[in-house]
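When we follow the working numbering, the leftmost residue of the sequence shown carries the number 2, and every step to the right adds one.
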Amino acid sequence: TGIIDSFIPAHVSNVDCSSSTAYSTASFGPSSEDFNCSFNSGNPIWSAAQPTGSTLTDGTNGLIYTKRDGTEIIYSTSVGGQGVVNTKPAEVIYPDGRTVTYSYNSSGYPMSVVRNDGLELQYSWVTVSFEPFMLLSSVTAINTAYCNPTTTCTSSQNWPTAHFAWSQSGSNYILTVTD
């Protein structure tokens, strides 16, 4: 998830309650917090390692990291083995009512980030021969107040788009960005 984390820097790591010293780290943007894990009636209970006022809870759609300022980050989760093996932010709800919703393709790469104030960023990815993972090929900004991106209007509008071209020279990667 390294390359994806650079585009959406939010995740919960070490989500495994199978040992007596289990803990998780919830991250959003530049901040992160540790939470200890225990079980109650077979359900994980998360408690903050430091008294920050933030919480980590098990929600119906995944983990919910509530920061002390009231920001809620809802993480979608994939479960495997003893615990959660993959977390990605599905939605962020800010105390002032702003929301940001994230969607991903089947490989786990971000496809869109949508804010409830009308901005949508659509991501495109490309496979290159010199990397085992996909690389960003473009980001398009859409004003959803003028256009619903689920219709064909995205092809009839000239929305601002940044294009990314990747190449390799020896052991160096070259990134060219055009708009």
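Here a beta-carbon is modelled for each residue, glycine too, at the ideal position from N, C-alpha and C.
{"query": "On a CA-only basis, which of Arg116, Gly43, Ser55 and Gly109 is nearest Thr88? Give me that one, please.", "result": "Gly109"}
{"query": "Taking the continuous beta strand (DSSP E) assigned at Cys38, which residues delimit it?", "result": "Ser32 to Asn41"}
{"query": "Taking only three categories from DSSP, how would you classify Ala146?", "result": "coil"}
{"query": "What's the gap between the Cα of Val101 and the Cα of Gln123?", "result": "13 Å"}
{"query": "Determine the DSSP secondary structure at Phe131, reduced to helix, strand or coil.", "result": "coil"}
{"query": "Ignoring anything shorter than 3 residues or poking outside the region 41-118, list the beta strand (DSSP E) runs there in chain order.", "result": "44-49, 56-60, 63-67, 73-81, 84-94, 100-105 and 111-116"}
{"query": "Looking at Ile143 and Trp186, is the spacing between their C-beta atoms short of 8 Å?", "result": "As displayed, the chain neither begins before 2 nor continues past 180, which places residue 186 out of reach and without an answer."}
{"query": "Counting along the chain, where does the beta strand (DSSP E) carrying Trp167 start and finish?", "result": "Thr162 to Ser170"}
{"query": "So Gly119 and Ala91 are supposed to be a Cβ contact under 8 Å. How far apart are they, rounded?", "result": "Contact flag wrong, Cβ pair sits at about 20 Å."}
{"query": "How many Å lie between Tyr147 and Ser172 at the Cα?", "result": "44 Å"}
{"query": "Kindly indicate which three-state DSSP category Asn173 falls into: helix, strand or coil?", "result": "strand"}
{"query": "Report the residue from Asn106, Ser107, Arg116 and Ser104 whose alpha carbon sits nearest the alpha carbon of Tyr95.", "result": "Arg116"}
{"query": "According to DSSP, simplified to helix, strand and coil, what is Gln158?", "result": "coil"}
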